[in-house]
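Q: Sequential numbering from 1 applies to the sequence shown in my numbering. All C-beta atoms in this analysis are idealised placements derived from N, C-alpha and C, irrespective of residue type, glycine included. Bear in mind the structure is a predicted one, so any value in this text is a computation, not a measurement. The structure follows.
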Amino acid sequence: MKIFVKDLKDGDFITDEVFSVEEVQMHKTRAQNPYYRLVLQDRTGEVSAKIWQDDFPNCHIKNLESGDVVKVDAQIQSYNDQLQMILKKLDKTEDYDISDLVQSTDKDLEKMYSQLLAVINDVKSKDLKNLLKDIFGDEVFVKKYKRAPAAEKVHHDFVGGLLEHTLEMLDMSEPLLKSYPEADKDLVVAGIILHDIGKLEELALKKTAIIRTTKGRLIGHLVLGIDLTRDHLPKEFPDELWMKLEHIIISHQGELENGSPIKPATIEAAIVHFVDHASSQIRQFQKAIKLGEGRDPGFSEWQKWIGTQVYLD
Ligand SMILES: [Fe+2]
Ligand SMILES: [Fe+2]
């Protein structure tokens, strides 16, 4: 039976265990000796792995890329409170069970989905409720939605990530809605639920990796999300309400350089943007802490998306 990332223990030596590759990079030690640093994963999580120069002959790393599956022998060790693998042997393999490998939320998908349905049921505005019910009444959509990741590589980049991200944002919005009673709660709730809905078409699974589809690259999840929502708009949906909802979806990334053509211009859009930003940014700190120390003692690897190396105290 496969040993999963969550079951790895300091001091174990594993043989012929299968993981998928999330990242592979060559680095140099202070003495300028090359080594590889990989991030390996399975459905239970990810772990950082190293290949020291002495082990290069037994580690067939040529052309290895994200999404490939490898069979490894490795020493598991604890390094600054985080487990890492020291790889002794590595070969690509085609012999694997995909459900073992694709990283998934550690929360219960069905339970999370019921929570979301409960939130939709609580929406007071008939128009917004009908719209949400129509979208989430489509079985094919729901099947895809429950498993959708929220990102390719950044935050919530795993099966069920979109649902987890959405519920996190709904939670975070509650105190804000209390503090700012001017904001229309139903519009914020609908905006949160629909803001990243275009990710269903922007992202897809290739081998074991989450990739950006051609449509995702050319159109992006803001416009794809608006198209999807528009397809479900009930007849007689008020124009003004649609414009406000469309505005939330199109402005939620907040800044031009983050992919939004327009900045939030309503209080509801601002709330959706800020909770989206908080959920996506803080999650990356959590991810960096989990992966542990990088090249510099006491700090994670450089986190491109948050622009820092996280201090690991
Ligand atoms: Fe987004
Ligand atoms: Fe988001």
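1) Just the C-alpha distance for Val69 and Cys59, rounded to the nearest angstrom, thanks.
2) Classify Ile3 as helix, strand or coil using the three-state DSSP reduction.
3) State yes or no: is the C-beta of Leu245 within less than 8 Å of the C-beta of Ala190?
4) Assign Ser114 to one of three DSSP states: helix, strand, or coil.
5) Can you give me the Cβ contacts of Asp186 inside the same chain, cut-off strictly under 7 Å, excluding the 5 residues immediately before and after it?
6) In terms of alpha-carbon separation, which member of Leu312, Ile306 and Asp196 lies closest to Asp296?
7) In or out: Gly265 buried (at least 16 other Cβ within 10 Å) or exposed?
8) Count Cβ pairs between the region 129-137 and the region 73-81 that sit closer than 8 Å; are there 3 or more?
9) For Asp134 and chain D, any beta-carbon pair shorter than 8 Å?
10) Leaving out the 5 sequence neighbours to the left and right, which residues in its chain are closer than 7 Å to Lys199 when beta-carbon positions are compared?
11) Any chance you could list the beta strand (DSSP E) runs of at least 3 consecutive residues sitting entirely within the region 70-115, in chain order?
12) With burial defined as no fewer than 16 other Cβ atoms inside 10 Å of the residue's Cβ, what is the status of Arg217: buried or exposed?
13) Figure out for me which residue from Thr44, Trp52, Glu22 and Lys28 has the closest Cα to the Cα of Leu38.
14) State the start and end residues of the unbroken alpha helix (DSSP H) segment that holds Arg147.
15) For a test of the three-state rule: what should DSSP assign to Thr166, helix, strand or coil?
16) Please confirm whether Thr15 and Asp55 have their CB atoms less than 8 Å apart.
17) Return the Cβ separation of Gly67 and Ala209 in integer angstroms, given the expectation that the two are a contact with Cβ distance under 8 Å.
18) Using 8 Å as the threshold, is the C-beta distance between Ser50 and Glu17 below it?
19) What distance in whole Å lies between the Cβ atoms of Glu201 and Thr214, which are believed to be in contact at a cut-off of 8 Å?
20) DSSP on Ser125, reduced to helix/strand/coil?
21) Who are the Cβ neighbours of Glu301 in its own chain at under 6 Å, not counting the five residues just before and after it?
A: Once the coordinates are examined:
1) In the sequence shown, the residue the question calls residue 69 occupies position 69. In the sequence shown, the residue the question calls residue 59 occupies position 59. Cα to Cα, Val69 sits roughly 13 Å from Cys59.
2) Position 3 of the sequence shown, counted from the first residue, corresponds to residue 3. Coil, per DSSP.
3) Taking the first residue of the sequence shown as position 1, residue 245 is located at position 245. Taking the first residue of the sequence shown as position 1, residue 190 is located at position 190. Their beta carbons are under 8 Å apart, which means Leu245 touches Ala190 by this criterion.
4) Working through the sequence shown from its first residue, we reach residue 114 at position 114. Note: Ser114 maps to helix in three-state DSSP.
5) Here residue 186 refers to the residue found at position 186 of the sequence shown. The answer, listed in chain order, is Val123, Lys124, Ser125 and Leu128.
6) Numbered from its first residue, the sequence shown carries residue 296 at position 296. The residue with the shortest Cα to Cα distance from Asp296 is Leu312.
7) Mapped onto the sequence shown, residue 265 falls at position 265. For the record, residue 265 in the displayed sequence is Ala; it is not Gly. Exposed.
8) Too few Cβ pairs lie closer than 8 Å, so no.
9) Among the chains of the structure shown, chain D does not appear; only one protein chain is present.
10) Taking the sequence shown and counting its residues from 1, the one referred to as residue 199 is at position 199. So the qualifying residues of the chain are Ala148, Ala150, Leu162 and His221.
11) Complete beta strand (DSSP E) runs here, min 3: 82-92.
12) Position 217 of the sequence shown, counted from the start, is the residue given in the question as residue 217. Per the 10 Å Cβ criterion, exposed.
13) In the sequence shown, the residue the question calls residue 38 occupies position 38. Ranking Thr44, Trp52, Glu22 and Lys28 by Cα distance to Leu38 puts Glu22 first.
14) In the sequence shown, counting from the first residue as 1, residue 147 sits at position 147. Taken as a continuous stretch (DSSP letters only), the alpha helix (DSSP H) holding Arg147 covers Glu139 to Arg147.
15) What you label residue 166 is simply residue 166 of the sequence shown in a count that begins at 1. DSSP places Thr166 in helix when its eight states are reduced to three.
16) Along the sequence shown, read from residue 1 onward, the residue named residue 15 stands at position 15. Along the sequence shown, read from residue 1 onward, the residue named residue 55 stands at position 55. Result no, Cβ atoms of Thr15 and Asp55 do not sit closer than 8 Å.
17) In the sequence shown, counting from the first residue as 1, residue 67 sits at position 67. In the sequence shown, counting from the first residue as 1, residue 209 sits at position 209. Right, the Cβ-Cβ distance comes to about 3 Å (below 8 Å), so this counts as a contact.
18) Position 50 of the sequence shown, counting from 1, holds the residue named residue 50. Position 17 of the sequence shown, counting from 1, holds the residue named residue 17. With the sequence shown as reference, residue 50 is identified as Lys, and Ser is not the correct amino acid for it. No. Outside cutoff.
19) Taking the sequence shown and counting its residues from 1, the one referred to as residue 214 is at position 214. Taking the sequence shown and counting its residues from 1, the one referred to as residue 201 is at position 201. Actually they do not touch by this definition, with Cβ atoms about 10 Å apart.
20) Walking along the sequence shown from the start, residue 125 turns up at place 125. Of the three classes helix, strand and coil, the one that applies to Ser125 here is coil, per DSSP.
21) In the sequence shown, counting from the first residue as 1, residue 301 sits at position 301. Sequence-distant partners of Glu301 (beyond 5 residues in either direction) whose C-beta falls short of 6 Å from its own C-beta, in its chain, are Gly294.
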